[in-house]
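Numbered by the numbering used here, the letters in the sequence shown go through residues 271 to 878 in order. Every residue, glycine too, gets a C-beta built ideally from N, C-alpha and C. Below is one structure, written out as structure tokens; comments come after it.
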Amino acid sequence: MRIASLLLAFLVTTQVVSAADRPNIVWILSEDNSKHYLKLFDENGAETPRIAELAKNGLVFDHAFSCSPVCSVARTTLMTSIYAPRLGTQYHRKIRPVRMPDDWQMFPALLRSAGYYTSNNSKTDYNTASSQGVWDESSKKASWKKRPSTDTPFFHMQSHGQSHESSLHFTKKQIAPKKLTHDPATVSVEPRHPDTKLFRYTNAYYRDRMQVIDGIVGGVVDDLRKAGVLEDTFIFYFGDHGGVLPGSKGYLREVGLHVPLVVRIPENWRKRVAAPVGSRVDGFVSFVDFGPTVLNLASVDVPNYVDGKPFLGEDTSLAEVNQRQETFGYADRFDEKYDLVRSLRKGRWKYIRNYQAIYPDGLRNNYRYRMLAYQEWRDLHAAGKLSPVQSAFFESKPVEELYDLESDPWEQTNLANAEEHRGVLTDMRDRLTERVKGLPDLSFYPESVLVEDAAENPIPFGQNHAKEIGELIDVANLSLQPFTEAEEQLQTALASQNPWKRYWALMVCSTFGDDAASLIETARKLTRDSNLLVRLRAAEFLGVIQKDDPRPTIRRILQESQSPVVNLIVLNTVVFLEDYCGYDFALTNESIPVQSSEVKRRTEYLVD
271 MRIASLLLAF LVTTQVVSAA DRPNIVWILS EDNSKHYLKL FDENGAETPR
321 IAELAKNGLV FDHAFSCSPV CSVARTTLMT SIYAPRLGTQ YHRKIRPVRM
371 PDDWQMFPAL LRSAGYYTSN NSKTDYNTAS SQGVWDESSK KASWKKRPST
421 DTPFFHMQSH GQSHESSLHF TKKQIAPKKL THDPATVSVE PRHPDTKLFR
471 YTNAYYRDRM QVIDGIVGGV VDDLRKAGVL EDTFIFYFGD HGGVLPGSKG
521 YLREVGLHVP LVVRIPENWR KRVAAPVGSR VDGFVSFVDF GPTVLNLASV
571 DVPNYVDGKP FLGEDTSLAE VNQRQETFGY ADRFDEKYDL VRSLRKGRWK
621 YIRNYQAIYP DGLRNNYRYR MLAYQEWRDL HAAGKLSPVQ SAFFESKPVE
671 ELYDLESDPW EQTNLANAEE HRGVLTDMRD RLTERVKGLP DLSFYPESVL
721 VEDAAENPIP FGQNHAKEIG ELIDVANLSL QPFTEAEEQL QTALASQNPW
771 KRYWALMVCS TFGDDAASLI ETARKLTRDS NLLVRLRAAE FLGVIQKDDP
821 RPTIRRILQE SQSPVVNLIV LNTVVFLEDY CGYDFALTNE SIPVQSSEVK
871 RRTEYLVD
């Protein structure tokens, strides 16, 4: 047993705290919904009277954000209070769970060591290895009611999947008999979506799901009231990330990150919150801040290794919180679909950096395309029946995006090339680059490297490789320059002894496309590189610009590879080249000797 676990067990069994000394805290999470579906936050949302009741007795946070737009990454960030690309927990789903340093703990474990009863009902979905001492009970039967004594303070977390993406996986046959509370004819449809009967129905149906969530929230409040502990209990209601209509879950748009957050302030602990009940908080808070906030409310020291800071509790002022204006977002692999995107919001401005810009957002993901609305969106694009704004989802992305959310809340008009906003763009770009270097961001190595070399010690690995990661980011950022200015540095990177500099330089070449034609001969040589993933990126570049057939090189890589993670990265390229560049790989299961559950998701789609 690890030393930290033994110490934690000792503290839990020896420290006794009375409920009169500490407040109780309850978290109620609804899965996969952004703030856009509740009228409390958006005029086009559903009426949620029980959640609004919480707001009357508490605070509404108008700028609360998940750091990631997908479950496992968002929830790991919530529980660790650490940015996922720093910890190596940024991939959904985990191929190999990573380990936190021995003396680092998820925040409920710190509550337990302070005498709290901690319970979770019941979703975990963490990308970290299991650690002891987090929960007294985590199961579908877990409840704060099971605490050993009415004198024991509790932290209880419960998640509700009635709003999950899967709730929209209905069939065409199931649509007709459904009676909805919300009229599809009157709902609002996001501008990026086609205004069709199916999209209207899906919007209306999802707003109905939010009213189901509202009833669940009300039930929790009623239980606390009946038990006589309501006015001793802080209640947090929030979405576990954004979603869930097409183009939200999995993407760094506001609909993927901007979540509803309401905190009910109990009567007996109002002195601990420096804001009047019934008010709205304008400052930015994100998932790395939630754990520190709970610890602060419980008068438990916040450890210095976390990335967040409290937004409620002692020594936290409303004026200071309202001055917070930044939030950081990340999106990497979503099931079998790879991408690498980072975002930074500062006040009204939203900056998105697409490090693998050639991949369309609409690149195939099997689970995502179970939704009829996704299928219709894709089919209408193939038929040429979408507007440019609606079609953008299925096209290669710009390297960087800049939006003024005050005038453009749906992120339709990219201002990255607008001369009048050059200063804002440069500032946001520099701030984001500083963020990813400062973590340091482990995603600048392929996931196969992290699985093989960093899963047991991601934090020390990142620190030991911080200089190299910074250099890889500099290579990746060559795509921000005109090719004529970047060419010499790209040539240097392509000739580097460091395979990951060669890897990133080739991805930059793909982003430049035909502009990088002067580097074709170098890329051809690199299709025989000693590193399989460098070969892949060279073949991908040559395939994108239609100069060489990438298929022979990629088939050889699949035959030589001994890593299912390498194969998964390769198959992401195969899907892109098949669906968007016109190549037919005609793969069979025998073409991919080394497989895994994630690789099989790709082969289900690719193999005839």
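| Item | Value |
| --- | --- |
| I'd like to know whether the C-beta atoms of V591 and V532 end up nearer to each other than 9 Å. | no |
| When the Cα atoms are used, what is the spatial distance from L712 to T398? | 15 Å |
| In whole angstroms, what is the alpha-carbon distance linking L308 and L450? | 16 Å |
| Where D332 and F554 are concerned, what is the direct C-alpha to C-alpha distance, given to the nearest angstrom? | 8 Å |
| Give me the Cα-Cα distance between K326 and V543, rounded to the nearest whole angstrom. | 15 Å |
| If I follow the unbroken alpha helix (DSSP H) through E524, where does it start and stop? | 524 to 527 |
| For T284 and Y387, what's the separation of their Cα atoms in angstroms? | Confidence at T284 is low in this model, with a pLDDT of 42, below 50, so the placement of that residue should be treated as unreliable; the coordinate-derived value is given next. Cα to Cα, the separation comes out at about 13 Å. |
| With DSSP as the reference, identify every bridge partner of P389, one or two as the case may be. | Rather than Pro, the amino acid found at residue 389 in this sequence is Ser. Note: S389 sits in a beta bridge opposite E407, H426. |
| In chain order, what are the residue ranges of uninterrupted alpha helix (DSSP H) at least 4 long that sit wholly in the region 541 to 574? | 557 to 567 |
| Let me check understanding here. Comparing Cα to Cα, which of V721, R534, G526 lies closest to W680? | G526 |
| Grab me the residues of I445's own chain with a C-beta within less than 7 Å of its C-beta, minus the 5 sequence neighbours each way, in chain order. | Y471 |
| Quick check on W619: does DSSP put it in helix, strand or coil? | strand |
| Taking the alpha carbon of D649 as the reference point, which residue from L468, R603, E460 has its own alpha carbon closest? | L468 |
| Taking the alpha-carbon positions, what's the S413 to L565 distance? | 20 Å |
| Is it true that the region 582 to 590 meets the region 699 to 709, where meeting means three or more beta-carbon pairs spaced less than 8 Å apart? | no |
| With DSSP as the reference, label H691 as helix, strand or coil. | helix |
| Following the continuous alpha helix (DSSP H) through R872, name the residue where it begins and the one where it ends. | 867 to 876 |
| Verify whether the separation of the beta carbon atoms of P536 and D502 is less than 9 Å. | yes |
| Could you name the residues of the same chain whose beta carbon sits closer than 8 Å to that of E606, not counting the 5 residues immediately before and after it, in chain order? | N635, N636, L838, L841, N842, E868, V869, R871, R872 |
| Helix, strand or coil, according to DSSP, for W680 in the structure here? | coil |
| Let me know the secondary structure DSSP gives A787 once reduced to three states. | helix |
| Exposed or buried, which one is E726 when buried takes at least 16 other CB atoms within 10 Å? | exposed |
| May I have the straight-line CA-CA distance separating V877 from S866, to the nearest angstrom? | 15 Å |
| Can you list, in chain order, the residues of its chain with a C-beta nearer than 8 Å to that of L278? Leave out the 5 residues immediately preceding and following it. | Caution is warranted here: a pLDDT of 47 is assigned to L278, below 50, making its placement in the model unreliable, and no coordinate value can be reported. |
| Please list, in chain order, all residues of the same chain as D218 whose beta carbon is under 7 Å from its beta carbon, the five residues on each side excluded. | For the chain, the structure presents residues 271 to 878; residue 218 sits outside this window and is missing. |
| Could you give the C-beta distance for G583 and V558, rounded to a whole number, given that I count them as a contact under 8 Å? | Actually they do not touch by this definition, with Cβ atoms about 16 Å apart. |
| According to DSSP, what are the bridge partners of T398? | V368 |
| Which same chain residues end up closer than 8 Å to G740 when comparing Cβ atoms and leaving out the 5 residues on each side of it in sequence? | K707, P710 |
| Where does G852 sit, in a helix, a strand or coil, going by DSSP? | coil |
| Need the endpoints of the beta strand (DSSP E) that F335 sits in, please. | 328 to 335 |
| So P339 packs on G520, CB below 8 Å; how close in whole Å? | 5 Å |
| Following the continuous beta strand (DSSP E) through Y600, name the residue where it begins and the one where it ends. | 596 to 601 |
| DSSP three-state call for T346: helix, strand or coil? | helix |
| Could you say which of Q761, L802, L806, L633 lies nearest to S788 if we only look at CA atoms? | Q761 |
| Measuring CB atoms only, is the region 778 to 788 touching the region 747 to 758, in the sense that at least three cross pairs come out at less than 8 Å? | yes |
| Quick one: give me the first and last residue of the alpha helix (DSSP H) that Y471 is part of. | 467 to 496 |
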